[in-house]
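First to last, the protein sequences are chains A and B.
Following our numbering, the numbering of the first sequence begins with 11 at its first residue and continues without gaps.
Following our numbering, the numbering of the second sequence begins with 51 at its first residue and continues without gaps.
No residue lacks a Cβ here, since even glycine has one placed at the ideal position from N, Cα and C.
Report on one structure; see the data block that follows.
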Amino acid sequence: MSKKSRKLIRSGVPAAEPAAEAVEVATEPVAKRTFFFLPDAEPVDVDERDLHDLMKQWRHGRATRTIGQVISDSYVTLFSVVLVGAMITSTVLNAQHGATACTTASCNSGRLLLPTAMIFAGYALAIGLSRLFGPVLASAAEGSWLMDAPISRRRLLAGRLVIPVVVGVLVPLLATGLVAALSGMDWRSVAAWALASGLGAAAMVAMSAAEQTREREVLLKGLQLVWTLLALATGVAVIAVAVAWIPAPSLSTEANLRMSLFAVSAVWLLVLVVLLAAALRRLNLIRRARLLSGGSLVAGMQGAMFALDMGLIRDILVERRAIEKGHVRPTKGRGLGPSALVWRDVERLFRSPGTFVPLVLSLLVPYAIDALRMSQLNPLISGLALTAALVPFLGSLRVLSRTGGLARMLPFKTTQIRTAAMVVPGILAVLWAMMTVPAFVGFTDTGADRTAWSGLMAAAITAAAGVFGAVRWVTAGKADYSAPMMATASGALPPALIFNLFRGIDMVALITAPLILGADPLWSVGLAVVVFIGLRGTFNLDELRAEQEAMQRDAARAKTERNDRIKIAPPKR
Amino acid sequence: MARKTPVLKIAGLRKAFGPVVIVDGFNLEVAAGEAVALTGRNGAGKSTVLRCLIGADRPDDGTIEVNGVRASETNPVIRRDVATVIDDLDFFPDLSVVEHLDLLARAHGIPDPDAAVDEVLHEVQLVPQSGQLPGTLSSGQRRRLALATAFVRPRTLLVLDEPEQRLDVEGVAWLAERLVAERERGLAIVMATHDPVLTEKVATRVVRLGDRGRVDEGGSE
């Protein structure tokens, strides 16, 4: 920083005590401006090596950690990886030992169907994430500085394509391999399942890249739907076999299955190579806007991840989906006052029927939990599933909670806004409870054993926990960095940063705790009522704080006025 | 002649961010049918005054009353009376332009919301974009939508922070005419602006904020 700049900054620092109100018109001082122009001389040649050295020097100047600290951190990371790896290996070996001994229909079907479901889910996820991010992307800086330059975009972007393909191979490969290993297969079978999963998912990424160069999505959307339906059908089949609704699939010999999987892997490898070559050949043709949209999405989501703000991540995705959609057929609202908000939420149900998919799937959860003989934990797990399924139905509450701008335009109290926003999800939760009563009563011989009334109570309490968990999650505020911080091993953190991670989960756990611990369900009902009163903003902390501060200011002003009064001494007698 | 009852009354407003005092001892009264333009250089405190006024920022000291009610962002009476167009306006990502206006008109209990929405939509020239989602609008169209949200609902005080921003020349001229009409119908207006056209045509009073909360008040009427 130059001396001149420092002097300018010093002169700009405000005085400690600002001037009070002055009503006379001040004359504006006319600043004499000087402008800087480049000297009239030809620029000298610049050596790229010198530039590189200069950048190196800058980076040295910005180092915040010594090499010793870096080695120390690496040691901790390495130690953690080894420890966790050893734990996973031990778990796999134990599971294999136990699983190979199990020859029941459930075990056999699980051994075949779970890795199959993982494979289909991996393929669907690979296409979904590729479509979301690109898969080829570039940052805004690269878009500004490099895309305009007379260079080959293919050379620049080839590396960008290789990274998602490699990730597309590794992540499904490891995940499916782990599931296969846990289900008690031998290592050659585990390798066969893992390869089929990894190479197939990578082929999906390569196909997405090839389609990205042509700006087409129809094929990808169709394939994604097929893989998703297959994954869901396989997952449902696992439950159906477990509760003996359908017979266990006949498993051919493991060697035959292994050979089939290796054959599938070989086909996927071939598809991967062909599609990757096709995508690489056409990389030059991807539009800059298409590349940058993925880059900006990654940047936004990185920022939200650093702030541990899961709500913001969802907001970014919702906003992006809306931009892609762009246009809707407007519908006329109904009702006046707060009911207009409720009717708009009803309209949303028809506009986004896709939001019902997770809700319908969440209906299966209590039945699956009961079938898996975990009925004691059913309220907690099903409540969390319902929370996740109901979040998309609370879009209006999310927008009205995250900034004050929109809520300020509505002539309602906070309680009115929140209550109106809870109506539609509340009705959906009631329907959910009615449809899951058999799961809470116990629909298998080995499941829960409740009376119809207590089953109904358990279903209703779980539904209430699900709604309130979702409401709590969507009303999460931003972390306040000006508030007192919490000391952690990672340094000072605002408490909201940590507590936001547990928002929603805390309400579900609180409301369902008496049910899980075997206490009277009325305790859960009481807790649900208290949570509802709190969530609808009856005790709005901001409002209370504002009122308290105003009262303190008034009291302070009154005290000052009392002190300023001229005291007249009483007449002496 | 007796002075009109003020719609807005600000007394002794003080707001500081850390050691930097933005506004101190700021007083302002705005009656019905008056339009006050807050002017001044960047950083003079115009937006801070407006944010305190609508309750988006909490003042360190001073009182702000709208129609005799202490201003608070969460007070439904204030929300009913004060229409604002400042930069923190958010939109529902899944509702179209016309649906936003329809929702606002209905929420405020306008008897014939369809007619009100149609008129405002024509006026801000967003009829072709009525089915568009806000994320796809240009910045100028978003500003027009924000202004439309203020005009489609009842109000006694209109608070605008640089409303000319991102509007084209024709748009600024329309806005000036509209604000004059609003003022003549008895609406109180407070706006921060750098636009000489708006200041000259709309403002009945100009309050120039100087450095460090110093108020230099002049008039254009």
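Item, Value
"How close, in whole Å, do the beta carbons of B:K96 and B:L88 come, if the pair is a contact with beta carbons under 8 Å?", "4 Å"
"Quick check: what's the CA-CA separation for A:A287 versus A:A148?", "20 Å"
"Would A:A1 and A:M517 be called neighbours here (beta carbons separated by less than 8 Å)?", "What the structure shows of chain A is the stretch from 11 to 583, and residue 1 of chain A is not part of that stretch, so it cannot be assessed."
"Roughly how far, in whole angstroms, is the beta-carbon of B:L207 from the beta-carbon of B:Q191, given that I think they are within contact range, below 8 Å?", "Rounded, the Cβ-Cβ distance is 26 Å, inconsistent with contact."
"Using three-state DSSP, classify B:T89 as helix, strand or coil.", "strand"
"Look at the alpha carbon of A:D658 and the alpha carbon of A:P125, and state the distance between them as a whole number of angstroms.", "With chain A running from 11 to 583 in the structure shown, residue 658 of chain A is simply not present."
"Of all the CB atoms in chain A, is at least one closer than 8 Å to the CB of B:T55?", "no"
"Specify whether the region 473-490 of chain A and the region 449-460 of chain A touch according to this definition: at least 3 beta carbon pairs, one from each stretch, less than 8 Å apart.", "no"
"Please classify A:E34 as buried or exposed, where buried requires at least 16 neighbouring CB atoms within 10 angstroms.", "Because A:E34 sits at a pLDDT of 40, beneath the cut-off of 50, its placement in the model cannot be relied upon, and the point is left open."
"Is B:S97 close to chain A? Criterion is C-beta to C-beta, closer than 8 Å.", "no"
"Which whole-angstrom value is the C-beta distance of A:V375 and A:A350, which I expect to be below 8 Å?", "With 8 Å as the limit, A:V375 and A:A350 do not qualify as a contact, their Cβ atoms being about 34 Å apart."
"Can you look up A:P53 in the DSSP assignment and give me helix, strand or coil?", "coil"
"CB B:A200 to CB B:A133, shorter than 8 Å?", "yes"
"So, does the CB of A:I333 fall closer than 8 Å to a CB anywhere in chain B?", "yes"
"Cβ of B:V202 within 8 Å of Cβ of B:V167?", "yes"
"Please report the distance separating the alpha-carbon of B:Q182 from that of A:F272.", "50 Å"
"Just the C-alpha distance for B:S270 and B:V209, rounded to the nearest angstrom, thanks.", "The pLDDT assigned to B:S270 is 39, lower than 50, so where the model puts this residue is not dependable, and the model offers no usable value."
"Which two residues bound the contiguous alpha helix (DSSP H) that contains B:V63?", "According to the sequence displayed, residue 63 of chain B carries Leu and not Val. Note, B:L63: premise wrong, no alpha helix (DSSP H); beta strand (DSSP E) at 56-67."
"Output, in chain order, the set of chain B residues within a Cβ distance shorter than 8 Å of A:R358.", "D144"
"Name the residues in the region 410-426 of chain A whose C-beta lies less than 9 Å from a C-beta of chain B; which are they?", "L410, R412, T413, G414, G415, L416, A417, R418, M419, L420, P421, F422, K423, T424, Q426"
"Considering only C-alpha positions, which residue in the set A:V176, A:E225, A:S218, A:R226 is nearest to A:L205?", "A:V176"
"Comparing the C-beta of B:R255 with each C-beta of chain A, is any distance below 8 Å?", "no"
"Just the Cα atoms here: how many angstroms apart are A:M315 and A:L301?", "21 Å"
"Tell me whether A:W463 is buried or exposed, calling it buried when 16 or more other Cβ atoms sit within 10 Å of its Cβ.", "exposed"
"Any chance you could list the alpha helix (DSSP H) runs of at least 4 consecutive residues sitting entirely within the region 126-167 of chain B, in chain order?", "126-131, 147-157"
"What residues in the region 103-129 of chain B have a beta carbon less than 7 Å from any beta carbon of chain A?", "I104, A106, R108, D111, R120, S122, E123, T124, P126, R129"
"Of the residues that make up the region 170-189 of chain B, which ones have a beta carbon closer than 7 Å to any beta carbon in chain A?", "S180, G181, Q182, L183, G185, T186"
"What is the rounded straight-line gap between the Cα of A:L525 and the Cα of A:L545?", "21 Å"
"Using a Cβ cut-off of 7 Å, pull out every chain B residue sitting near A:P340, in sequence order please.", "S146, V148, E149, S180, G181"
"Is A:A254 helix, strand or coil by DSSP?", "coil"
"Which residues in chain A sit within 8 Å of B:T243, going by Cβ to Cβ distance?", "Per Cβ cutoff of 8 Å: no residues; B:T243 is ~17 Å from chain A at best."
"Give the C-beta separation of B:V57 and B:V99 to the nearest angstrom, bearing in mind that I take them to be a contact with Cβ-Cβ under 8 Å.", "About 16 Å separates the two Cβ atoms, so there is no contact after all."
"Hey, could you find the ends of the beta strand (DSSP E) B:F76 is sitting in?", "70-81"
"Starting from A:T461, follow its DSSP beta bridges and name the residues at the other end.", "Beta-bridge pairing links A:T461 to no other residue."
"On the DSSP letters alone, give me the boundaries of the alpha helix (DSSP H) that A:D380 sits inside.", "366-381"
"Give the range of the alpha helix (DSSP H) segment to which A:L295 is assigned.", "No alpha helix (DSSP H) holds A:L295; DSSP gives it neither H nor E."
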